[in-house]
Structure formats: C-alpha cells, structure tokens
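Presented below is the structure to which this report refers.
Number of protein chains: 2
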Amino acid sequence: MNWQAINFDWNQARAFLATAQEGSLSAASRALGLTQPTIGRQVAALEDTLGVALFDRVGRSLILTEAGRDVLTHVQAMGDAAARFSMAATGQSDQIDGHVAITATDIMSAYHLPPILKRLRDIAPGIEVTVVSSNSIQNLMRREADIAIRHTRPTEPDLIAKLAGEMTGHLYATRDYLDRVGWPKTADDIARCDFVGFDDHDRMVALLNAHGMPITRKNIRYASADGVAAWAMIRQGLGIGPMSRAAADLVPEVEMVFPDLAIPFPVWLVAHRELHTSKRIRLVFDLLAESLA
Amino acid sequence: MNWQAINFDWNQARAFLATAQEGSLSAASRALGLTQPTIGRQVAALEDTLGVALFDRVGRSLILTEAGRDVLTHVQAMGDAAARFSMAATGQSDQIDGHVAITATDIMSAYHLPPILKRLRDIAPGIEVTVVSSNSIQNLMRREADIAIRHTRPTEPDLIAKLAGEMTGHLYATRDYLDRVGWPKTADDIARCDFVGFDDHDRMVALLNAHGMPITRKNIRYASADGVAAWAMIRQGLGIGPMSRAAADLVPEVEMVFPDLAIPFPVWLVAHRELHTSKRIRLVFDLLAESLA
DNA sequence: GCCAATTCATGCATATCCGTATAACAGATC
DNA sequence: GATCTGTTATACGGATATGCATGAATTGGC
C-alpha cells in the first residue's frame, strides 16, 4: 500500500463531496452539521493541496470545474464506501440503545405503527425511533432508513425481506354518505358511487375491476397521494375508499361497504443485510414482524 | 444522499485503515506521517463513536476483532477510492512544479537515467524527481511511481504504454579477462567461459542459446539480482556478461565480446491513464520518450 | 429600481486536536 | 534473568481548526 497517495485530509474530501452534491457551501454545511466557513475553508484547502481548482466561483454560486467533475466520481466512490462502512459498523454494534429509522407508508405510519412503537418503548426505552413516512419506495441502499415496511417484495440484492403478514383492505364510507346515495348492492348502484383514490387511479380501477366492481376512472372523484388525507376525505363523507381493516376499525363513523370484498395485500419487512446483525435493529425488526403478523 | 450515514470523521477511518494494514499504531503513524498518540486517539475515537471495539488490545500489539475485520473491507474500499481520487487530482493539476516518481531497473537508474534527469533539470528546474530503483515490476496501480520504465509491455488496463525505443544488449568482458581465457571464437571456446548473470539463470541461458551461444547453467558462475553489482563483477574481470551498449560505452576497460551478437530489448514507458493528463508528469514522460528513443 | 433573501468571504475568540516527552509494559536476545 | 528494543497509554503546551459575527456581492421578486 502506498500511503502517500491517500495521505490527504479525508474530511476535506467529504466537504468537497457534500458541496458538489448539494450545490453550495451553505447547503453542504447544513448537510454535514458544520458551518459554512468551515466547509469553505476545507474545500479551499483541498484545492490548495491538490493544486487544482475544483469550483469556479461565479457570482454567489459555485459550479464544478472540469477537473472537479473528473475527480468527483472518485470521491463519490469514497462516500459510498463510507456509507457502507458506517452501516457495517452500526450493524456490528451490539449496543441496544441508539437510533433506528423506519420508513413506511403514511397510513402505516399514522395508524399501525404508533401502538407498536408504544410496545417498543416498554421493551426497550433506550431506543429512539424516527419514522420516515413516505409512499414512494424508499431507497434502503442509501441508508435513508434502517427498516422499511413495504407492500411489495423488494428486488434489490443485499436486502433481506421477511413477509411479516398479510393485511386485508376493504372499502369504507360513512354511514351518512351511504344513507344519502343508498347502500349500493348491484353493479349499477356501484357505478353511481363516488370513490376516493390515491395517486395511481388506473391501478385502483384495475384492482377493483378484478374484484368485480364495475367502476371506471370517472368514479374516482377525489384523490390524494397522501393516504391520511384520502382517508380524511372518506371520513368526511365524500365517497367510498379503501382502507385496511385494522385502521378503519378505529373510526366509528365509517362502515364497511361490501363485507364480502376483501383485498389482501402483503406486508414486507425489509432491512439491510449488514444491519440485520445489529442487536438494536434486529430487536425492532423482530418486534415489527411479530406485531404485524 | 443520506449525509448522516457518512457524517463521521473520515480521517479516523483512514487511521483505522492504516493501523489495520500496518499492524500497529506506531507503524500506522509512520506510514501516515503522524505520531503514534494521534493515531491511537483517532482509532479510539472511532471505536467510541461507532460503539464497536475494532481491536483487541492484547499485550503490546493490537489484533482486529471480528467486527473490525468485517468493517475493514469497507474502509479499504474507501482507501482505494481515495487513492484513485488523489491520482485523478494530481492528473488534473496543471502545476508544472512538483514531484514525479520514476521507477526503473537499477541499470537504467544508474546509467541511463542520470543524464536525462540532468536535461530535465535544465528544462524544468522546479520538478523534483524520485527514482525508485527496482528490478521487480513495480505496481503502478498502487501509485508507487508515476512513470515506469519497463522492458516488457504492461498488461494492466488503465495504464498507457509507449514503446520509447529499442536498446541493444551485447556481451562484455574486460580485455584482461579475455586475454586470460583467450578470445572466444568457436562454440567450444564459449562453453569454457565464465558468465555473469542476474537472478533468472534459466531465462539468460535460453536467451543466449537462442542466439547460438551453447552455454548451460554451469557457465553462470557469478550472479546478482542487482544489475549494478553484476556489472561491477564483469568490470572486475570475473567473466562475460550482458549490458546495454549505451551503458557499456561509458566504461573503457570492457570490450564487446561478440560484435555480431546484438540482443534487442524494448523500452516501454508506462504511466497511469489519469496521470498522463498532468502537465508535469506529461513533460517528464515526453522527455523520457525522446531521450530513450 | 429597490428591497429581501441567499450566498461566499473575512476577523476574532475559543475549543479542539496534534506533537513532544514520558511512563508503563511486553517480548526478544544474550 | 537482565537488558534492550519496540509497543501502547498518559500529561501538557502549543498549533490548528472551528464557530460566531459581520461584511460584500449577487440573484430574484415586486
């Protein structure tokens, strides 16, 4: 190993990486939890020791020079390795106390997760939890969360996935709404109802069609990509919409519209291979698996 | 990008890498040009922030824990990326002054390189040169030198190679020696002579056999892997040995034994693809190519 | 055209980290 | 078994980097 080649200040490389990716010294300082002068000095010092201008100072913003773009790929590789290192290290840590980030759909985050987290608090009060509520599929590879709750099986390698259980979705509406439009029974009844959907209307129409509900896109009068907002619309009596039984049971004013109609969907727990060996994350993972079964 | 994951002290990771690879804090401190307490503190701080013991302190030495071994691979990847980063950066540098490391066989280093370096000093006095004299093929991928002078074509990708020229080797001995054994003319004469070789006797025998010299391993009575030492033995009158014409012409007491026998060998100049764009290294590279033509 | 909001650069006090010196200790060697 | 070499761990003074406050400059909006 030639140590001279790697004998530069690695923290300066980190500052350069953050600056290049975030687009400014200020943004980089926020990302790394340092101050803007510090980042600025680190980047300047790196440029000085390397003898290359990494950024062109044009106006209030920095733009990468060609040299900066060329070397950025390597420091990105450094950052990726650093992330893997950090992940493997926390995976090796046998400290039970510490931080765990869980990502889940907003519905899961709002209605299913809180009681589980209450149990977790009783079991291991030292664990602090961040819930990253997001309906887009989180990229666990980038370590935005330690554990993900998904409804599709992940395809990425290096992730371990466990089918925690199966939940059933039903269609709900307020008694108020159903009294107004008449409790739907026939296909014609259904076709006259209003539906509350999420962001992917086509998928919802296809799903309901597959279960014998003759609706079209026209029926979806209200929608929100935010599951909690959509559920609030349903609770407001704006129409019929899907919800998991467990969450709907918490609300007295809604009624299951077609008791025979049950749409099963899987609950997958996903974690990094590296992280799965961590006592702390493993504990949360196992508790989630048990609670969601 | 999740910045929290890479928001640890990268220099501590570097200290850990050096310590793991060198085997001790002291050795790591020497490798990185820091002091042993500094490395010790950095490694300890890293263990502290990660919450994992990286080394077991047993007696006077450190041995990696299992956790340390697991995370080492990732920090090695970091180091490799750091080396590539450093290389790309110096390749991008347009500073003409600075450092250039050249590796070459000891013969080249001792007899061919010095006059070229004298020319270089006149052209670019700001360039400081390190000559890494070694007969083993240097690993340019690890950046032990910026430019290598080799006599075989390199096979590694990411290296650029230029056939600078062709040198001819002849067999030399002192007049003194030749007078003593009788100037060899027939095959029998040759078989009676002593030869001075390098480390790979079989290769030398095969090479001379291919040129019609009927010698065997028995003829090689003296040898040294150090080319300069072998040449000194030839100049001492111990036997016949090969030398490049350019180097032998500098010495008055030796005589070419078989003027008809010329063994051509190529001179390759090798540099990293990244480094070849550096003004400074390019200048040295081009001067070498011109001088060795 | 002016104002507001960001951005990067610069002084200065302070906190942090580093290097020197030293101690404590384990193996190797004679 | 004593000595010597090479290792890690521990004080302490000093160099270095960091953060805060401020200034200068540019962009965008009204």
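Listed in order, the protein sequences are those of chains A and B.
When you line the first sequence up against our numbering, it's residues 341 to 633, in that order.
When you line the second sequence up against our numbering, it's residues 341 to 633, in that order.
Idealized CB from N, CA, C, for every residue including glycine.
Everything numeric in this text was worked out from a predicted model, so none of it was measured.
On a Cα-Cα basis, can you pick out the residue from the options that is closest to residue i?
| i | options | result |
| --- | --- | --- |
| residue 483 (chain A) | B:497, B:440, B:629 and B:341 | B:341 |
| residue 598 (chain B) | B:385, B:583, B:504 and B:512 | B:512 |
| residue 489 (chain A) | A:572, A:619 and A:627 | A:627 |
| residue 334 (chain A) | A:590, A:614, A:611 and A:585 | Nothing can be reported for residue 334 (chain A): it is not among the residues displayed for chain A, which extend from 341 to 633. |
| residue 359 (chain B) | B:442, B:419, B:592 and B:565 | B:419 |
| residue 355 (chain A) | A:376, A:343, A:498 and A:533 | A:376 |
| residue 346 (chain B) | A:424, A:622 and A:562 | A:424 |
| residue 438 (chain A) | A:401, A:514, A:469 and A:515 | A:469 |
| residue 537 (chain B) | B:574, B:501, B:518 and B:528 | B:574 |
| residue 520 (chain A) | A:458, A:381, A:579 and A:446 | A:579 |
| residue 589 (chain B) | B:539, B:531, B:508 and B:442 | B:508 |
| residue 410 (chain B) | A:402, A:417, A:433 and A:395 | A:433 |
| residue 435 (chain A) | A:630, A:617, A:633 and A:632 | A:617 |
| residue 407 (chain B) | A:602, A:492, A:615 and A:624 | A:615 |
| residue 402 (chain B) | B:463, B:365, B:372 and B:431 | B:365 |
| residue 444 (chain A) | A:514, A:405, A:492 and A:546 | A:492 |
| residue 568 (chain A) | A:475, A:414 and A:421 | A:475 |
| residue 416 (chain B) | B:361, B:553, B:518 and B:369 | B:361 |
| residue 414 (chain B) | A:368, A:429, A:413 and A:472 | A:429 |
| residue 531 (chain A) | A:613, A:552, A:461 and A:453 | A:552 |
| residue 426 (chain B) | A:369, A:386, A:523 and A:539 | A:386 |
| residue 372 (chain A) | B:352, B:343 and B:384 | B:343 |
| residue 608 (chain B) | B:581, B:368, B:544 and B:442 | B:442 |
Between which two residues does the alpha helix (DSSP H) harbouring residue i extend?
| i | result |
| --- | --- |
| residue 346 (chain B) | Neither: residue 346 (chain B) is in no alpha helix (DSSP H) and is coded neither H nor E. |
| residue 460 (chain B) | 453 to 463 |
| residue 574 (chain B) | 567 to 575 |
DSSP has residue i in a bridge; who is on the other side?
| i | result |
| --- | --- |
| residue 441 (chain A) | A:470 |
| residue 511 (chain A) | A:582 |
| residue 487 (chain B) | B:442 and B:611 |
| residue 365 (chain A) | Bridge partners of residue 365 (chain A): none, in fact. |
| residue 562 (chain B) | B:536 |
| residue 605 (chain B) | B:507 |
| residue 323 (chain A) | As displayed, chain A neither begins before 341 nor continues past 633, which places residue 323 (chain A) out of reach and without an answer. |
So the beta strand (DSSP E) residue i belongs to, where does it begin and stop?
| i | result |
| --- | --- |
| residue 621 (chain A) | It is not in any beta strand (DSSP E) - residue 621 (chain A) instead sits in the alpha helix (DSSP H) that spans 619 to 632. |
| residue 532 (chain B) | Per DSSP, residue 532 (chain B) belongs to no beta strand (DSSP E) and is neither H nor E. |
| residue 448 (chain B) | First-last for residue 448 (chain B): undefined, no H or E at that position. |
| residue 593 (chain A) | From DSSP, residue 593 (chain A) is part of no beta strand (DSSP E); its letter is neither H nor E. |
Is DSSP giving residue i helix, strand or coil here?
| i | result |
| --- | --- |
| residue 502 (chain B) | strand |
| residue 553 (chain B) | coil |
| residue 415 (chain A) | helix |
| residue 543 (chain B) | helix |
| residue 377 (chain A) | helix |
| residue 435 (chain A) | coil |
| residue 496 (chain A) | coil |
| residue 351 (chain B) | helix |
| residue 526 (chain B) | coil |
| residue 598 (chain B) | coil |
| residue 476 (chain A) | coil |
| residue 408 (chain A) | helix |
| residue 427 (chain A) | helix |
| residue 516 (chain A) | helix |
| residue 420 (chain A) | helix |
| residue 589 (chain B) | coil |
Point to revise | Within 7 Å of chain B by C-beta, residues of the region 346 to 366 of chain A in sequence order | key: From the region 346 to 366 of chain A, only 346, 347, 348, 349, 350, 351, 353, 354, 358 and 361 have a Cβ closer than 7 Å to chain B.
Review point. What residues in the region 417 to 431 of chain A bring their beta carbon closer than 9 Å to a beta carbon of chain B?
Key: Here the close residues are 417, 418, 419, 420, 421, 422, 423, 424, 425, 426, 427, 428, 429, 430 and 431.
Check your understanding: Going along the chain, which residues of the region 618 to 632 of chain A sit with their C-beta nearer than 8 Å to a C-beta in chain B?
Key -> Here the close residues number zero.
Practice item. Mind checking the region 434 to 452 of chain B against chain A and listing, in chain order, the residues whose C-beta falls within less than 8 Å of any C-beta there? Key: Taking 8 Å as the cut-off between beta carbons, the residues of the region 434 to 452 of chain B near chain A are 434, 435 and 438, in sequence order.
Check your understanding: If you measure beta-carbon to beta-carbon, which residues of the region 393 to 416 of chain A are closer than 7 Å to chain B?
Key -> Taking 7 Å as the Cβ-Cβ cut-off against chain B, the residues of the region 393 to 416 of chain A that qualify are 407, 410, 411, 414 and 415.
Exercise for review: Check distances from the C-beta atoms of the region 370 to 385 of chain A to those of chain B and list, in chain order, the residues that come in under 8 Å.
Suggested key: The residues in question are 371, 372 and 373.
Point to revise | Residues from the region 565 to 589 of chain B in contact with chain A, defined by Cβ distance under 7 Å | key: So nothing in the stretch comes that close.
Exercise for review: Quick one: which residues of the region 452 to 472 of chain B get their C-beta closer than 8 Å to a C-beta of chain A? List them in chain order.
Suggested key: Cβ contacts with chain A: none found.
Review point. Using a Cβ cut-off of 9 Å, which residues of the region 493 to 510 of chain A contact any Cβ in chain B, in chain order?
Key: Result list empty, no residue passes.
Check your understanding: At a Cβ cut of 8 Å, what residues of the region 521 to 535 of chain B count as close to chain A, listed as they run along the chain?
Key -> Answer set for the region 521 to 535 of chain B: empty.
Exercise for review: Could you name the residues of the region 606 to 617 of chain A whose beta carbon sits closer than 8 Å to any beta carbon of chain B, in the order they occur along the chain?
Suggested key: Listed in sequence order: no entries.
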